[in-house]
Each structure stands twice: as C-alpha cells, then as structure tokens.
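Data first, discussion second: the structure below is written as structure tokens.
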DNA sequence: GCCAACGTTGGC
DNA sequence: GCCAACGTTGGC
C-alpha cells in the first residue's frame, strides 16, 4: 500500500466538494509526472488532500477506490483519472508552515516541488502527519 | 501583484 | 536534440 498527496485549488474543487459527492474522479491532470503517479495508485491507497492558494493546508485523507482509467473530460488517451472517496476529515489542519517547520517532513515533495499536483508520500511522513492531525 | 520554479513548445 | 521563449502554478 502506498501513500500520496493530491493538491487542489479549493476555489475550483475542495475537500467539501468530495465529501458532498461521496465519491468522485480526479480529472483534468495534464502533467506527466502527476499522471504517472496516478497510474501507480491502487485501490485502498490513501492520499493526503491539500488545499493550495489562500489556505495552504492538508485538510483530510482520501482513499483511492478505483485504479486509473481514461479521463472522461478528454478524448486524448494519454490522460487518466482515479476515483476517490473521503476517508477522514482532519480535526486539525496541517498547514504548509507546519510541514516546513517539522523535522521529518522537510523532504516532502510538497516542500521540494510545490507545483506537482499528484505526488507520492513516504509512509513515515504520512504517519507523522496523521499523528499531528490528532494533536 | 510579483516572481521563482517548472514544464512545454517550437525554431534551429 | 538543444535551448530560448513562453505560459502556468503557487508561495510570499
């Protein structure tokens, strides 16, 4: 089982949108690195859900419930989507500043390459963030 | 609103 | 195949 982080502008699509829908596909990815990460995702994998823009915080965990398939928003078969359901809303959001100030999280792709919209997360990083969200 | 970082495009 | 130019993203 692998861990991931998916990123979105909350004005465009937010955690609450996924919660309301109950299940949704992650569409519109037009970046090879992000797409390749999605192709590696398996059913049951967990993804940190990050809001960029004004908020800049990890707000919850989504679970992958369907491996990749053709992106329905384009005919170009280069692009794919996966399906997510909301797994858990964080009681305490983990802000980007928290991530940057936490030893053990400073190597995260979120810090190193803030533009990558789907990225892998190490198990130890994932577990630490979960722990912090419970504090 | 600015700008750095990154990815993509297109001319050569 | 290289690289300059450009567009986009996202933090500050």
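In this note's numbering, the protein residues as written are 5 to 139. The beta-carbon is built from N, C-alpha and C at its ideal position, and this holds for glycine as well.
So who's on the other strand from residue i, going by DSSP bridges?
i, result
"residue 65", "52 and 92"
"residue 87", "29 and 70"
"residue 161", "Residue 161 lies beyond the range of the chain shown here (5 to 139); nothing can be said about it."
For residue i, which three-state DSSP category applies?
i, result
"residue 72", "strand"
"residue 36", "helix"
"residue 100", "helix"
"residue 24", "helix"
"residue 6", "coil"
"residue 11", "strand"
"residue 59", "coil"
"residue 44", "helix"
"residue 131", "helix"
"residue 116", "helix"
"residue 137", "helix"
What number of angstroms, rounded off, separates the C-alpha of residue i from the C-alpha of residue j?
i, j, result
"residue 21", "residue 95", "18 Å"
"residue 14", "residue 93", "15 Å"
"residue 119", "residue 60", "12 Å"
"residue 11", "residue 80", "23 Å"
"residue 37", "residue 129", "20 Å"
"residue 131", "residue 19", "20 Å"
"residue 62", "residue 100", "8 Å"
So, do the segment 20–29 and the segment 37–47 have three or more beta carbon pairs nearer to each other than 8 Å?
-> no
Count the C-beta pairs between the segment 123–132 and the segment 71–89 that are closer than 8 Å, then say yes if the count reaches three, no if not.
-> no
Between the segment 66–83 and the segment 99–115, are three or more C-beta pairs nearer than 8 Å?
-> no
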